[in-house]
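Just so you know, the protein sequences line up as chains A and B, in that order.
Numbered according to my numbering, the first sequence spans residues 5 to 231.
Numbered according to my numbering, the second sequence spans residues 5 to 231.
Where is the CB? At the ideal position from N, CA and C, for every residue including glycine.
The structure appears below as structure tokens.
Number of protein chains: 2
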Amino acid sequence: MSAKKAIVLLSGGLDSTTVLAIARQQGYACYALSFRYGQRHSAELDAACKIGQTMQVIQHRIFDLDLTLFDSSALTNCRIQVPLVESTGIPVTYVPARNTIFLSIALGWAEVIAAEAVFIGVNAVDYSGYPDCRPEFINAYQAMADLATQQGVEGHGIALKTPLIDATKADIIRLGAELGIDYAQTISCYQADASGLACGQCDSCRLRAAGFKQAGLKDPTLYRSAS
Amino acid sequence: MSAKKAIVLLSGGLDSTTVLAIARQQGYACYALSFRYGQRHSAELDAACKIGQTMQVIQHRIFDLDLTLFDSSALTNCRIQVPLVESTGIPVTYVPARNTIFLSIALGWAEVIAAEAVFIGVNAVDYSGYPDCRPEFINAYQAMADLATQQGVEGHGIALKTPLIDATKADIIRLGAELGIDYAQTISCYQADASGLACGQCDSCRLRAAGFKQAGLKDPTLYRSAS
């Protein structure tokens, strides 16, 4: 009997890498999906490729998506500066409808390969400012997806899996460490340099560093300067 | 006061062209969005561009989307033949999650330009075999979209508009004719040639021809052979 299949959205960051390890542990044959969507740096995608190889995914697709069409986000628009102080409300690093778009493409691929599940590393604790990281969004997306696909029409819709949605960064790191992840391979920084060194100052770097501290584990992140 | 904005998904076909005319009539400043997603022919996109100009859209973006990743549809895979006889169930011309993906990208753009609405020419009468053309899908998509975006969080979500969902092809053609559309500009054929001539035999051609007949209007479609 062939293994059940899952699509795993893999950015190359800490969260999505942990999700891939969880999907593998649950016995899924994993198909990794990454996006080249106009990020400032390619180090994150390079990391995703190495992680996919290390974790022996069945296939890894890099999907080109020109979200520079949407010119308002700091993650895709070099004219907007990434904030170095903690922000409130919806961060300017929010890419409009990003998870909606990523999940839609994952859904299409899942339908083609008859995958049972799509895994995504959304987290409502640290990313409460992003509308598309909340449980109510995920539930509504699932309801829509059940009606959108041939598999859904036939009564065996594709299940959205969000194993990290309620976890703190420390929880995620502890779990990943138990699953044997080498977090030095992962990149969380919003503005990593070409070789993958992290700035240590952006929101994402600060969350990550605090997570290792809370988890009581050594932070293996490679920073470009002491932070 | 500036006009309210709408994104209109414009394929270059009969339905989406009619939808654009409806959105204009309703007073929207229209932003057309088309996709280059691995269609067999580019005539449809050429038609979309001309129609966008004729109808004076504010902007027209062509979004590249490599759906050849999804290798199972006759519309993006030249190894699968387009069926020339009427099919039952979900047609093989169904592109997995296509409307889900198209709407997601429209949603992102709508958020960026603060559009109030996204118009899509789905139709549950002629395309009942497509899961993502049904009213229940659209309703679920709306519920998801209201939770996905910054505008939704702020209480003024983006409205999905499907003015053709319950219309017959004859209804659509009569309405478009009243709005002054030159349907010779539009292409519905699944396998039009490079110059835009229709085959006259595929599902889409047959539906269109029957629509003109039922509407009691002359069919202006340019066929490559008598059909």
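*Just by C-beta distance, which residues in the region 109-127 of chain B are closer than 7 angstroms to chain A?*
I109, L111, G112, W113, E115 and V116
*Using a C-beta cutoff of 7 angstroms, does L13(B) count as contacting chain A?*
One-based indexing of the second sequence puts residue 13(B) at position 9. Chain A contact via Cβ: absent.
*Using a Cβ cut-off of 7 angstroms, pull out every chain B residue sitting near Y145(A), in sequence order please.*
Here residue 145(A) refers to the residue found at position 141 when the first sequence is read from its first residue. Neighbours of Y145(A) on chain B, chain order: M148.
*Contact set between G156(A) and chain B, taken where Cβ atoms lie within less than 8 angstroms*: Within the first sequence, the letter at position 152 stands for residue 156(A). Going along chain B in sequence order, the residues near G156(A) (Cβ under 8 angstroms) are P135.
*Cα-Cα separation, R102(B) to A110(A)*: In the second sequence, the residue the question calls residue 102(B) occupies position 98. In the first sequence, the residue the question calls residue 110(A) occupies position 106. Between R102(B) and A110(A), the C-alpha separation is close to 11 angstroms.
*Three-state secondary structure (DSSP) of V23(A)*: Against the first sequence, residue 23(A) aligns to sequence position 19. Helix at V23(A).
*What whole-angstrom Cβ distance do I66(A) and N127(A) have, given they're in contact under 8 angstroms?*
For the purposes of this step, residue 66(A) is taken as residue 62 along the first sequence, with counting starting at 1. For the purposes of this step, residue 127(A) is taken as residue 123 along the first sequence, with counting starting at 1. I66(A) to N127(A), Cβ: 23 angstroms. No contact.
_Within 10 Å of its beta-carbon, does S192(A) have 16 or more other beta-carbons around it, so buried, or fewer, so exposed?_
Within the first sequence, the letter at position 188 stands for residue 192(A). So S192(A) ends up on the buried side.
*Just the Cα atoms here: how many angstroms apart are K165(B) and Q155(A)?*
Position 161 of the second sequence holds residue 165(B). Position 151 of the first sequence holds residue 155(A). Spanning the two alpha carbons is a distance of roughly 26 angstroms.
*Interface partners of I153(B) on chain A, CB under 9 angstroms*: As a working mapping, residue 153(B) is identified with position 149 in the second sequence. It should be noted that the sequence gives Thr, not Ile, for residue 153(B). Chain A residues near T153(B): P100, A101, T104, P135 and D136.
*According to DSSP, which residues form a beta bridge with L151(A)?*
Taking the first sequence and counting its residues from 1, one reaches residue 151(A) at position 147. DSSP output for L151(A) lists no bridge partner at all.
*G125(A) and S20(A): beta carbons closer than 7 angstroms?*
Along the first sequence, read from residue 1 onward, the residue named residue 125(A) stands at position 121. Along the first sequence, read from residue 1 onward, the residue named residue 20(A) stands at position 16. A contact, by the Cβ cut-off of 7 angstroms.
*Look up H64(A) in the DSSP assignment and give the residues it is bridged to.*
On the first sequence, position 60 is the one that residue 64(A) refers to. Partner(s): A36(A).
*In chain order, what residues of the same chain lie with their CB nearer than 7 angstroms to the CB of Y227(B), ignoring the 5 residues before and after it?*
The residue given as residue 227(B) occupies position 223 in the second sequence. Here the set comprises L201, A202 and G204.
*Starting from the beta carbon of F141(A), find every residue of chain B whose beta carbon is closer than 8 angstroms, and list them in chain order.*
The residue you call residue 141(A) lines up with position 137 of the first sequence. Those are M148, L151 and A152, listed as they occur along chain B.
*In the DSSP assignment, find the beta strand (DSSP E) that holds L179(A) and state where it starts and stops.*
Walking along the first sequence from the start, residue 179(A) turns up at place 175. No beta strand (DSSP E) contains L179(A), which is instead part of the alpha helix (DSSP H) from K173 to E182.
*Can you check DSSP and say which residues form a bridge with L262(B)?*
Only positions 5 to 231 of chain B appear in the structure, and residue 262(B) is not among them; the question remains open.
*asked:* On the DSSP letters alone, give me the boundaries of the beta strand (DSSP E) that V12(A) sits inside.
replied: Numbered from its first residue, the first sequence carries residue 12(A) at position 8. Per DSSP, V12(A) belongs to the beta strand (DSSP E) from K9 to L13.
*Taking S46(B) and S15(B) to be in contact with their CB atoms under 8 angstroms, please state how far apart those CB atoms are, rounded to whole angstroms.*
Here residue 46(B) corresponds to residue number 42 of the second sequence, with the count starting at 1. Here residue 15(B) corresponds to residue number 11 of the second sequence, with the count starting at 1. The Cβ separation is near 12 angstroms, so there is no contact.
*What's the C-alpha gap between T190(B) and D130(B)?*
Position 186 of the second sequence holds residue 190(B). Position 126 of the second sequence holds residue 130(B). Their backbone Cα atoms lie some 18 angstroms apart in a straight line.
*Please go through the same chain and pick out, in chain order, the residues whose beta-carbon is closer than 8 angstroms to the beta-carbon of A152(B), but skip the five residues on each side of it.*
Reading the second sequence from its first residue, position 148 is the one you call residue 152(B). For A152(B), where only same-chain residues beyond five positions count, the Cβ hits under 8 angstroms are L111.
*asked:* So, for Q63(B): in the same chain, excluding its five sequence neighbours on each side, which residues have a beta-carbon less than 8 angstroms away from its beta-carbon?
replied: For this step, residue 63(B) is matched to residue 59 along the second sequence. The residues are Y35 and A36.
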